[in-house]
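Notes to accompany the following structure.
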Amino acid sequence: MDLEQRPVAQKQLVNTNVRSIAWRGVTVTVNDRKTKQSKTIVDNVEGTVNAGSFILSGLSDVTSRELNN
Numbered sequence: 698m699d700l701e702q703r704p705v706a707q708k709q710l711v712n713t714n715v716r717s718i719a720w721r722g723v724t725v726t727v728n729d730r731k732t733k734q735s736k737t738i739v740d741n742v743e744g745t746v747n748a749g750s751f752i753l754s755g756l757s758d759v760t761s762r763e764l765n766n
């Protein structure tokens, strides 16, 4: 089935094959806007996405305040 061939009003994401996606050891590093220094915002996380649920574990001590600065 080609979702892009459906009329616009009926387009939707249909998943009939993938039951879960998992990852581990994911790290995200960005350049700090103020200092221009490298800053790790996600460190060595793992997670799983199952149909209808989301679980994330292994976050470092990063607060939402740090993420928004």
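According to our numbering, the sequence shown is numbered sequentially starting from 698.
Virtual Cβ for every residue (Gly too), placed ideally from N, Cα, C.
Just so we're clear, the structure is a prediction, and the values are computed from it rather than from any experiment.
query, result
"Looking only at its own chain, which residues have a Cβ that is under 7 Å from the Cβ of V723, when we skip the five neighbours before and after it?", "V739 and V742"
"Please report the distance separating the alpha-carbon of I718 from that of A748.", "9 Å"
"Which residue from R716, V746, V715 and T737 puts its Cα closest to that of V725?", "T737"
"Quick check: is any heavy atom of the ligand HEM less than 7 Å from the C-beta of K731?", "The ligand HEM is absent from the structure shown, which contains no ligand whatsoever."
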